[in-house]
Amino acid sequence: MNGGDGGDVAAAPAGPPPPLEWKFSQVFGERTAGEEVQEVDIISAIEFDKTGDHLATGDRGGRVVLFERTDTKENIGSRRELERMDYSVSRHPEFRYKTEFQSHEPEFDYLKSLEIEEKINKIRWCQSSNGALFLLSTNDKTIKYWKVQEKKVKKISDMNIDPSRAVGNGSVASSSVSSSPKQCRANGGYADRSLNCLSNDLSFPPGGFSSLRLPVVTSNETSLVARCRRVYAHAHDYHINSISNNSDGETFISADDLRINLWNLEISNQSFNIVDVKPTNMEDLTEVITSAEFHPTHCNTLAYSSSKGSIRLVDLRQSALCDSHSQLFEEQEAPGSRSFFTEIIASISDIKFSKDGRYILSRDYMTLKLWDINMDSGPVSTFQVHEYLRPKLCDLYENDSIFDKFECCLSGDGLRVATGSYSNLFRVFGCAAGTTEATTLEASKNPMRQVQTPSRPSRSLSSSITRVVRRGSESPGVDANGNSFDFTTKLLHLAWHPTENSIACAAANSLYMYYA
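If you read the sequence shown in our numbering, its first letter stands for residue 176, the second for the next number, and so on.
Pasting the structure below:
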């Protein structure tokens, strides 16, 4: 770059950012020693809103729980100041329980003799307006659009009662006022004609009633009310694995194993099928859709992943039915490396766009991969997550752990990525040029306690084909360093705060939050 004297001054190369030191922030729903976890309480979805001030979780019991941040404007400053603050400044984010509601109930499809679980598969925040929060939640078959708003609790005060003439329970003496409908009709008094029905023996005091007044409605207290605004149903023959909002604020997509549908938020009885990979003969089926997501800023672009390890970028401007992709991202298989497990471990369980839309992060069973949408020859970075499990793939197949679906997330600045693993561990990797950051953390109050795992992770994820029959007992395994790994405790769901180095992750029914 040019210096002030006109000469050429070489700028010192900026090194990679130093590894983050993660600290425990909060836990909600922490289990006591020996406490048995109820199946319905296990968290199945986590999502921050765009501001990072609200966090939503869904569980297998069909409930959605909302948390709100308490350390924002009051303690730190305005939103603009928050955005100016550097990532390296350590802050302690604090959230508190806001409200919860029952989003989905168990159902039964009588035509297919199929039970539909209430489990929440995905949650996505929509644009808020007038102080109300909006979000989408879905189970296997039905998507719902929720509005959460503070409502004022109305109470009637200043009743037309004279304390000196009231009986013990606060009602006016019966000699003055009759509340019997039959007596009212006998005396010609009707509710629509007078405030009270007066009996025949009523005597008016001199000067009349001094305290006769209309009741007053007051609203001093507020309560949060969740109301279902729309129900988007009967559009998927297979289990919904993804929903994603469009940047236009008006539409969203929902994806199952074979189809992706486009919806308008205001129209619940009609959707458009934009991707259909179902073959004419189902025996010819070779791959299924595992995840789908809209581009964060381009409303015409979306990406979806498959069970064969490929990611397809679709442009909605090209045609109404987007069966032909505009770009294809896949890594070529190394010669001679194919085995029985090759396709299973290549299946992508989750994809996420970076905040600027330039990169796509994907998770398969063994690795995290970072893709540049301008370079489809291969991933720009590959992070080894489960390479130490490669010798145990046969055991993982027998106990169905090889089909576990791990999610992934990116930091708001795009410098780091994260994903979960077994034994309630999760990994954070630096993806800046030259960095070797690879941190293993445990979902506990002491996240940085020394856990020996290989330095950089490899390939991790699960097959997208739904396994109806669960077979075999799950047993703990041992990694390359001799550490015991428990395949029954797995950290599948996690989310990165959109503007800060803060991660929320789910370990069974507990929500852990960390900051750096």
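Idealized CB from N, CA, C, for every residue including glycine.
So for residue i, helix, strand or coil by DSSP?
i: Ala681; result: strand
i: Asp294; result: Strictly speaking, residue 294 in this sequence is Lys, with Asp absent from that position. Residue state, collapsed to three classes: coil.
i: Arg235; result: coil
i: Lys567; result: helix
i: Phe203; result: strand
i: Ile519; result: helix
i: Phe578; result: helix
i: Glu126; result: The requested residue 126 does not occur in the structure, where the chain is confined to residues 176 to 691.
i: Tyr413; result: coil
i: Tyr285; result: coil
i: Ala243; result: Going by the sequence as given, residue 243 is Glu instead of Ala. In the structure shown, Glu243 sits in a strand (DSSP, three-state: E or B).
i: Glu222; result: strand
i: Asp661; result: coil
i: Phe215; result: Going by the sequence as given, residue 215 is Val instead of Phe. Helix, per DSSP.
i: Glu441; result: coil
i: Glu275; result: strand
i: Glu612; result: coil
i: Glu196; result: coil
i: Glu396; result: strand
i: Glu708; result: No answer is possible for residue 708: the residues shown for the chain start at 176 and end at 691.
Using 8 Å for Cβ pairs, my map puts residue i next to residue j. What's the rounded Cβ distance?
i: Ile169; j: Leu669; result: For residue 169 there is no data in the structure shown, the boundaries of the chain being 176 and 691.
i: Gly589; j: Asp531; result: 7 Å
i: Cys403; j: Lys319; result: 5 Å
i: Phe199; j: Asn621; result: 7 Å
i: Asp525; j: Val450; result: Not a contact, Cβ separation roughly 18 Å.
i: Tyr540; j: Ile520; result: 4 Å
i: Ala618; j: Tyr687; result: 5 Å
i: Asn305; j: His279; result: 26 Å between Cβ atoms; not a contact.
i: Thr664; j: Ser598; result: 6 Å
i: Ala478; j: Arg487; result: 7 Å
i: Gly605; j: Thr674; result: Incorrect: roughly 18 Å between the Cβ atoms, too far for contact.
i: Tyr413; j: Asp432; result: 4 Å
i: Ser429; j: Ile415; result: 6 Å
Given this structure, state the Cα-to-Cα distance separating residue i from residue j, to the nearest angstrom.
i: Phe660; j: Phe558; result: 20 Å
i: Leu503; j: Glu396; result: 55 Å
i: Ser552; j: Phe447; result: 32 Å
i: Glu243; j: Glu269; result: 8 Å
i: Glu205; j: Thr461; result: 42 Å
i: Arg645; j: Gly190; result: Confidence at Arg645 is low in this model, with a pLDDT of 30, below 50, so the placement of that residue should be treated as unreliable; the coordinate-derived value is given next. Each residue's alpha carbon lies about 48 Å from the other.
i: Arg434; j: Ile464; result: 7 Å
i: Phe601; j: Lys329; result: 47 Å
i: Glu211; j: Lys322; result: 33 Å
i: Pro192; j: Leu585; result: 16 Å
i: Asp575; j: Ser596; result: 15 Å
i: Leu571; j: Thr615; result: 21 Å
i: Gln302; j: His409; result: 25 Å
i: Lys225; j: Asn549; result: 25 Å
i: Leu236; j: Glu290; result: Reading off the sequence shown, one finds Gly at residue 236, where the question assumed Leu. If you take the alpha carbons of Gly236 and Glu290, they lie about 14 Å apart.
i: Val392; j: Ser332; result: 6 Å
i: Thr472; j: Trp546; result: 17 Å
i: Asp228; j: Ile418; result: 21 Å
i: Pro566; j: Phe662; result: 15 Å
i: Lys316; j: Ile298; result: 14 Å
i: Asp440; j: Arg405; result: The amino acid occupying residue 440 in the given sequence is Leu; Asp does not appear at that position. Approximately 8 Å, taken between the alpha carbons.
i: Gln445; j: Lys327; result: 35 Å
i: Cys680; j: Leu666; result: 7 Å
i: Val400; j: Gln324; result: 6 Å
i: Ser677; j: Glu612; result: 17 Å
i: Tyr194; j: Asp459; result: The amino acid occupying residue 194 in the given sequence is Pro; Tyr does not appear at that position. Roughly 47 Å between the two C-alpha positions.
i: Tyr690; j: Leu564; result: 29 Å
If you measure from the CB of residue i, is any heavy atom of the ligand NAP nearer than 7 Å?
i: Val400; result: Absent from the structure shown: the ligand NAP. Ligands present: none.
Answer yes if the stretch 289-296 comes into contact with the stretch 208-228, meaning at least three C-beta pairs across the two stretches below 8 Å, and no otherwise.
yes
Within 8 Å, do at least three Cβ pairs link the stretch 274-286 to the stretch 415-435?
no
Check whether the stretch 489-497 touches the stretch 507-516, taking contact to mean three or more Cβ pairs, one atom from each stretch, closer than 8 Å.
no
If you scan the stretch 469-546 from start to end, which runs of the alpha helix (DSSP H) of 4 or more residues do you find wholly inside it?
517-521
Return the chain-ordered ranges of every beta strand (DSSP E) run that is complete within the stretch 301-334 and spans a minimum of 3 residues.
308-313 and 318-332
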